[in-house]
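Written out below as structure tokens is the structure these notes cover.
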Amino acid sequence: MTCTLGEVKNRADFIVYWGGNPAECHPRHFTKYTLMQKSKFLPRGRKDRTMILVDIRETKSGGAADIFLQIRPGKDFEVLTILRAILKGQHVNSSIVAETGLTLEQMTDFIDRAKKARFGCMFFGMGLSMTRGKHMNSAALLTLAAELNAFTKFVAMPMRGHGNVTGADVIMRWQTGFPFGITFNRGYPRYNPGEFSTVDVLVRGDTDAALILGADPGATMPQPAIDHLARIPTIVLDPKVTHTSRLARVHITTSVAGISAPGTAYRMDEIPLPLKPALKSPYPTDEEVVRRINEAVARKPHWMPADGPMTIMQH
Amino acid sequence: MSLNVIHNATCTFCGCVCDDIELHSDETRIHEAKKACVLGKAWFLNHTADHDYPDALIDGREATVDEAIEAAATFLHDAHMPLIYGLSNTTCEAQREAVSLADRLGGLLDSHTSL
Ligand code: SF4
Numbered sequence: 000m001t002c003t004l005g006e007v008k009n010r011a012d013f014i015v016y017w018g019g020n021p022a023e024c025h026p027r028h029f030t031k032y033t034l035m036q037k038s039k040f041l042p043r044g045r046k047d048r049t050m051i052l053v054d055i056r057e058t059k060s061g062g063a064a065d066i067f068l069q070i071r072p073g074k075d076f077e078v079l080t081i082l083r084a085i086l087k088g089q090h091v092n093s094s095i096v097a098e099t100g101l102t103l104e105q106m107t108d109f110i111d112r113a114k115k116a117r118f119g120c121m122f123f124g125m126g127l128s129m130t131r132g133k134h135m136n137s138a139a140l141l142t143l144a145a146e147l148n149a150f151t152k153f154v155a156m157p158m159r160g161h162g163n164v165t166g167a168d169v170i171m172r173w174q175t176g177f178p179f180g181i182t183f184n185r186g187y188p189r190y191n192p193g194e195f196s197t198v199d200v201l202v203r204g205d206t207d208a209a210l211i212l213g214a215d216p217g218a219t220m221p222q223p224a225i226d227h228l229a230r231i232p233t234i235v236l237d238p239k240v241t242h243t244s245r246l247a248r249v250h251i252t253t254s255v256a257g258i259s260a261p262g263t264a265y266r267m268d269e270i271p272l273p274l275k276p277a278l279k280s281p282y283p284t285d286e287e288v289v290r291r292i293n294e295a296v297a298r299k300p301h302w303m304p305a306d307g308p309m310t311i312m313q314h
Numbered sequence: 000m001s002l003n004v005i006h007n008a009t010c011t012f013c014g015c016v017c018d019d020i021e022l023h024s025d026e027t028r029i030h031e032a033k034k035a036c037v038l039g040k041a042w043f044l045n046h047t048a049d050h051d052y053p054d055a056l057i058d059g060r061e062a063t064v065d066e067a068i069e070a071a072a073t074f075l076h077d078a079h080m081p082l083i084y085g086l087s088n089t090t091c092e093a094q095r096e097a098v099s100l101a102d103r104l105g106g107l108l109d110s111h112t113s114l
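For the record, the sequence lines run as chains U and Z.
In terms of numbering that gives the first Met the number 0, the first sequence has 168 at position 169, counting the first letter as 1, and numbering is strictly consecutive.
In terms of numbering that gives the first Met the number 0, the second sequence has 81 at position 82, counting the first letter as 1, and numbering is strictly consecutive.
Structure, rendered in structure tokens:
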């Protein structure tokens, strides 16, 4: 269950940020969308809203919070599960509470406030979804948000990181039915994160050529993955010569989305927005280069035999 | 020289994708990005329209875009299991082309989301 940032801006009187530091990573989130704006339903703006920050350490975002809940590293899932138990009126064992770094009073207060809210929204960041428990943590938070709907309107939204990563999800879902971690190796899309996700594929050495665009894995991925990119023919499209370009066989310089390349980008709440480039680039766009690579591949014989995937299966 | 002004430009540096930025630019660079935060300002002001990098490189040597596209197509076509990865700092239009290419190649397709 999610919503747009416009709804949050106009309606949310109870806002939680879990495992993220928007003050430094999404600097205008508070002012433009969540905390500071006044609206018909929240005429006093910030005064009409409560913000709870949940994290393992204090960050700059703490200054904007009404309540800061500091939990022990790796205890997100436990905290979320206890919150769900409290919501259901179940007994919670005090030794389990003690492990989380919070008190039962703090967690009961969280639930009381959430239930009393007219419109609650939980934003969750990589501190939740990339630490111990990973997608189970996100699932627990989404379940809590869903269960709170027995009492009031409640939604949750991931705090998406750089640029148009939300657009990548949306476009892949639209075109293939899946958001990421896809293979077409049987001629139709299949989805299996862990098997088809890039770090796993590279670390296992399962791929024998790579096209990288809108990313610099050479600067961010684990070393064994980078080593494999250096072993195989890697092709990089990027406005700069990046770390990955240096280990690639082919680099093509492209224009910068939103600065010198036109197009569309998705906001984290999946609202598409048009880009208005201010500069004219001497370089082609990613779109043009990928299309031309695609056309060049199309002129070569197709990889799959004409009688389709069945032949492959029979081998 | 008077600067070219764009109202309600869109910043793609973070997931907020603020679409209320006022950009003041000349032919080569953006001089002002009003309403943008520190990260957004740095993003807009750090890029230029100059030809700072070679058009393309093949094995570290300068090449034309045509040559590089042909080389890229050959590498991808020759591979048994080609991978297309990234897709964050680019447009939806480029992402769509990338999906089409992965489909044609029978390859892998993945984004930052899987990290
Ligand atoms: S202006 Fe700042 S908050 Fe808005 S999209 Fe750009 S970097 Fe993000």
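Don't be surprised by glycine CBs; every beta carbon is placed ideally from N, CA and C.
The model shown is predicted, which means the values in this text are computed figures rather than measured ones.
At a cut-off of 8 Å, is residue i close to ligand 1 when judged by its beta-carbon and the heavy atoms of the ligand?
| i | result |
| --- | --- |
| L274/U | no |
| H25/U | yes |
| Q13/U | The identity of residue 13/U in the sequence shown is Phe, whereas the question assumes Gln. No, ligand 1 has no heavy atom inside 8 Å of this Cβ. |
| K31/U | yes |
| H28/U | yes |
| T206/U | no |
| T11/Z | yes |
| K8/U | no |
| G14/Z | yes |
| W42/Z | yes |
| A35/Z | yes |
| I258/U | no |
| I20/Z | yes |
| D91/Z | The identity of residue 91/Z in the sequence shown is Cys, whereas the question assumes Asp. Because no heavy atom of ligand 1 lies under 8 Å away, the Cβ of C91/Z does not count as near it: no. |
| S2/U | Correcting the residue type first, residue 2/U is Cys in the shown sequence and not Ser. No, the Cβ of C2/U stays beyond 8 Å of every heavy atom of ligand 1. |
| C120/U | no |
Assuming residue i contacts residue j under a Cβ cut-off of 8 Å, what Cβ separation, rounded to an integer in Å, is found between them?
| i | j | result |
| --- | --- | --- |
| T63/Z | D51/Z | In fact, because the Cβ distance is near 17 Å, the residues do not count as touching under 8 Å. |
| W48/Z | S259/U | Strictly speaking, residue 48/Z in this sequence is Ala, with Trp absent from that position. Yes, they are in contact, since the Cβ atoms of A48/Z and S259/U sit about 6 Å apart, within 8 Å. |
| G160/U | T9/Z | In fact, because the Cβ distance is near 17 Å, the residues do not count as touching under 8 Å. |
| R71/U | E98/U | 7 Å |
| G126/U | G18/U | 3 Å |
| S60/U | A22/U | 4 Å |
| I110/U | L82/U | 6 Å |
| V96/U | I51/U | With 8 Å as the limit, V96/U and I51/U do not qualify as a contact, their Cβ atoms being about 18 Å apart. |
| I231/U | A214/U | The Cβ separation is near 16 Å, so there is no contact. |
| L274/U | P261/U | 6 Å |
| T80/U | A139/U | 6 Å |
| L147/U | A113/U | 6 Å |
I want to verify the contact list: residues of chain C whose CB lies under 7 Å from the CB of residue i, in sequence order.
| i | result |
| --- | --- |
| E286/U | Of the protein chains in the structure, U and Z, none is chain C. |
Would you check whether ligand 3 has a heavy atom nearer than 8 Å to the C-beta of residue i?
| i | result |
| --- | --- |
| L38/Z | The model depicted lacks ligand 3 and carries ligand 1 instead. |
Answer yes if the stretch 267-275 of chain U comes into contact with the stretch 13-27 of chain Z, meaning at least three C-beta pairs across the two stretches below 8 Å, and no otherwise. Yes: the two stretches touch, three or more of their Cβ pairs being nearer than 8 Å.
Residues in the stretch 87-99 of chain Z with C-beta within 9 Å of chain U's C-beta atoms, listed in sequence order? Within the stretch 87-99 of chain Z, the qualifying residues are S87, N88, T89, T90, C91, E92, A93, Q94, R95, E96, A97, V98 and S99.
Segment contact, 8 Å Cβ cut-off, at least three pairs: the stretch 201-220 of chain U with the stretch 242-253 of chain U: Verdict: yes, contact present.
Taking a cut of 8 Å between CB atoms, which residues from the stretch 126-160 of chain U lie near chain Z? Of all residues in the stretch 126-160 of chain U, those with a C-beta nearer than 8 Å to a C-beta of chain Z are M129, M158, R159 and G160, reading in chain order.
Any chance the stretch 163-170 of chain U sits against the stretch 121-133 of chain U, with 3 or more Cβ pairs inside 8 Å? Output reads no: the stretch 121-133 of chain U does not touch the stretch 163-170 of chain U.
The stretch 57-75 of chain Z: which residues have C-beta closer than 7 Å to a C-beta of chain U, in chain order? Taking 7 Å as the cut-off between beta carbons, the residues of the stretch 57-75 of chain Z near chain U are I57, D58, V64, A67, I68, E69, A70, A71, A72, F74 and L75, in sequence order.
Chain-ordered residues of the stretch 248-260 of chain U with a beta carbon less than 7 Å from chain Z: Result list: R248, V249, H250, I251, T252, V255, A256, G257, I258, S259 and A260.
Residues in the stretch 20-31 of chain Z with C-beta within 8 Å of chain U's C-beta atoms, listed in sequence order? Those residues of the stretch 20-31 of chain Z that come within reach of chain U (Cβ to Cβ, closer than 8 Å) are L22, S24, E26, T27, R28 and I29.
Meets three-Cβ-pair contact criterion under 8 Å: the stretch 26-37 of chain U and the stretch 24-41 of chain Z: Output reads yes: the stretch 24-41 of chain Z touches the stretch 26-37 of chain U.
Does the stretch 57-74 of chain Z come within contact of the stretch 89-96 of chain Z, defined as at least 3 CB pairs closer than 8 Å? Judged by Cβ distances under 8 Å, the stretch 57-74 of chain Z makes no contact with the stretch 89-96 of chain Z, as fewer than three pairs qualify.
Check whether the stretch 188-208 of chain U touches the stretch 18-34 of chain Z, taking contact to mean three or more Cβ pairs, one atom from each stretch, closer than 8 Å. They do not touch, by the three-pair rule.
Against chain Z, which members of the stretch 21-46 of chain U pass a CB distance test of less than 8 Å? If the cut-off is 8 Å between Cβ atoms, the stretch 21-46 of chain U has C24, H25, P26, R27, H28, K31 and Y32 near chain Z.
Could you tell me whether the stretch 76-87 of chain U touches the stretch 29-46 of chain U, where touching means 3 or more Cβ pairs closer than 8 Å? The stretch 76-87 of chain U, when compared against the stretch 29-46 of chain U, does not touch it at the 8 Å Cβ threshold.
What residues in the stretch 218-234 of chain U have a beta carbon less than 7 Å from any beta carbon of chain Z? Answer in chain order: P232 and I234.
Using a Cβ distance threshold of 8 Å, determine whether the stretch 68-88 of chain Z contacts the stretch 103-112 of chain Z, with at least three qualifying pairs required. As far as the Cβ criterion goes, the stretch 68-88 of chain Z touches the stretch 103-112 of chain Z, which means the pair count is three or higher.
Near-chain Z residues of the stretch 172-187 of chain U (beta-carbon distance less than 7 Å), N- to C-terminal order: Within the stretch 172-187 of chain U, the qualifying residues are Q174, T175, P178, F179, G180, I181, T182, F183, N184 and G186.
Along the stretch 71-100 of chain U, what residues have a CB closer than 7 Å to any CB found in chain Z? For the stretch 71-100 of chain U, there are no residues whose beta carbon sits under 7 Å from a beta carbon of chain Z.
Pair every Cβ in the stretch 166-186 of chain U with every Cβ in the stretch 143-158 of chain U, then say whether three or more of these pairs are closer than 8 Å. Because the criterion of three Cβ pairs below 8 Å is not met, the stretch 166-186 of chain U and the stretch 143-158 of chain U do not touch.
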